[in-house]
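Mapping of the sequence shown onto mature numbering (1 follows the signal peptide of the UniProt record, and there is no 0): residues -18 to -1, 1 to 197, in sequence order.
The beta carbon of each residue, even a glycine, is placed where N, CA and C say it ideally should be.
Shown next, in structure tokens, is the structure this report addresses.
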Amino acid sequence: MFLFALVLGVLFLPEADTLKCKCSPSIYGSCSGESECPSQNDHCLTATQTTIHGDKVSEHNVKSCMKAELCLDFSINNGFHRLLQKSSCCNGDLCNTQTDYPKPDNKSTPNGKKCFACDGENCMKTLNCLGDENYCVKVTGNVQGVSLTTKGCASKAVCSDQISSVVNQVTSRILGQVIGVKLSCCQGDYCNSASSASPVLLLLLVPLLFSNLFS
């Protein structure tokens, strides 16, 4: 999604014998060809990110270094945008040389799960979850003293401990003025109710956050 994307890589100097991976350029990085990975990234990633906004579907192919625990398939949907990723990871120098990319299943069949989503300042709109989106999600943040919230549906991988643990550091690097961004998930229908607030910025931030966690 046009504003749901940023890089997880932490700016460490590579070690002499670290892994090498094929990498691809993106709007947040100019790498192309191959890259020497930071020491904590022990796998090579090949992935496709699919963004759905209304009738518009776009795909972005990704190759990069990645932590093994972040080689995930996921879907997150806030009713206006849906972001999906299908990943393939390997461990070996330049092992991600394949030209065929794994494709996420972007089927739009409702799965029976219902969550709250935001429409303008109304964060009590019903959203029918799709595919493997079996969790309700809420993302909250604070920008220059203004509380922001967005809600929707997400797959299990989005709610993993690995993702939650890096949300704050990634968002602070994307937008320095965003403070205390928190992602929370739950499994009951409409369980992501709680507070409501203006979701305008976070509607843009969520696609940016997740597509860049993995690019």
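Rounded Cβ spacing between residue i and residue j (contact assumed at less than 8 angstroms)
{"i": "Lys68", "j": "Pro84", "result": "4 angstroms"}
{"i": "Ala99", "j": "Lys133", "result": "5 angstroms"}
{"i": "Val121", "j": "Leu54", "result": "Contact flag wrong, Cβ pair sits at about 17 angstroms."}
Residue environment, residue i, which counts as buried when at least 16 other CB atoms sit within 10 Å
{"i": "Asn73", "result": "exposed"}
{"i": "Asn59", "result": "buried"}
{"i": "Gly113", "result": "buried"}
{"i": "Gly170", "result": "exposed"}
{"i": "Pro7", "result": "exposed"}
{"i": "Val39", "result": "exposed"}
{"i": "Ser57", "result": "buried"}
Separation of residue j from residue i, as counted between CA atoms
{"i": "Val163", "j": "Gly61", "result": "20 angstroms"}
{"i": "Asn116", "j": "Gly94", "result": "9 angstroms"}
{"i": "Ser175", "j": "Asp143", "result": "21 angstroms"}
{"i": "Glu16", "j": "Gly102", "result": "43 angstroms"}
{"i": "Tyr172", "j": "Ser137", "result": "15 angstroms"}
{"i": "His35", "j": "Cys77", "result": "33 angstroms"}
{"i": "residue 252", "j": "Glu41", "result": "Because the chain spans -18 through 197 in this model, residue 252 falls outside it and cannot be assessed."}
{"i": "Gly127", "j": "Thr30", "result": "36 angstroms"}
{"i": "Asp82", "j": "Cys5", "result": "14 angstroms"}
{"i": "Asp37", "j": "Gln80", "result": "30 angstroms"}
Sub-8 angstroms separation of residue i and residue j beta-carbons
{"i": "Ser46", "j": "Cys111", "result": "no"}
{"i": "Cys71", "j": "Cys26", "result": "yes"}
{"i": "Leu1", "j": "Cys19", "result": "yes"}
{"i": "Val119", "j": "Cys105", "result": "no"}
{"i": "Leu52", "j": "Asn88", "result": "no"}
{"i": "Thr33", "j": "His63", "result": "yes"}
CB contact below 8 angstroms: residue i versus chain D
{"i": "Tyr83", "result": "The chain inventory of the structure shown lacks chain D, comprising one protein chain alone."}
Please list the segments of the beta strand (DSSP E) lying wholly inside the segment 1 to 60, counting only runs of 3 or more residues, in order along the chain.
2 to 5, 15 to 18, 25 to 35, 38 to 48, 56 to 59
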